[in-house]
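Position in the sequence shown (first residue = 1) + 15 = this note's numbering.
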Amino acid sequence: YNVRSVKAQKGEISILNMLQRVPGVTVRGNVVRVFGPNSFSNTTEPLFLINGAVYSGGLSGILGSINPDDVKSIEVYKTPAELGLYGARGANGVINIILR
């Protein structure tokens, strides 16, 4: 089990800044990509979870609704064993945002 994660630091400016610190994640503008999984779907956006529950609002919804100060940590799942739970929805990686 090889989850990559970062703990939020006090005074984080944005969730995008936090994501940039996660190994295997790239952020360009408002586009987030997780390196590792094969892209089986026609979207490159990873699946987002909030406290382990699927969040259907995507990155734009997260950026608009979650205060960075409320984030405890961010976990990224990208190996086949980790992604198996999410099926095709997780084909581009999974980002789990853990709130305080």
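Where is the CB? At the ideal position from N, CA and C, for every residue including glycine. Quick caveat: nothing in here was measured; it's all calculated off a predicted structure.
Just to check my reading of the structure: residue i and residue j have Cβ atoms closer than 8 Å, yes? What is that Cβ distance to the nearest angstrom?
| i | j | result |
| --- | --- | --- |
| V21 | P61 | That pair is no contact at about 15 Å. |
| N111 | G73 | Their Cβ separation, rounded to whole angstroms, is 14 Å, which puts N111 and G73 out of contact at 8 Å. |
Please report the straight-line C-alpha distance between residue i and residue j, rounded to a whole angstrom.
| i | j | result |
| --- | --- | --- |
| S75 | G44 | 12 Å |
| F50 | G39 | 5 Å |
| G102 | A96 | 11 Å |
Taking C-beta to C-beta, are residue i and residue j nearer than 8 Å?
| i | j | result |
| --- | --- | --- |
| I30 | L64 | no |
By a C-beta neighbour count over all protein chains shown, 10 Å radius and 16 as the cutoff for buried, is residue i buried or exposed?
| i | result |
| --- | --- |
| R25 | The identity of residue 25 in the sequence shown is Lys, whereas the question assumes Arg. By the neighbour-count rule (16 or more Cβ atoms within 10 Å), K25 is not buried but exposed. |
| K143 | Because the chain here runs from 16 to 115, residue 143 falls outside it and cannot be looked at. |
| V47 | buried |
Within a Cβ cutoff of 6 Å, which residues of the same chain sit near residue i, ignoring the five residues on either side of it in sequence?
| i | result |
| --- | --- |
| R104 | L62 |
| P83 | E27, S29, I30 |
With a CB to CB cut of under 8 Å and the five nearest residues on each side skipped, what residues in its chain are close to residue i?
| i | result |
| --- | --- |
| K93 | R19, G39, V49, F50, G51, P52, G108, V109 |
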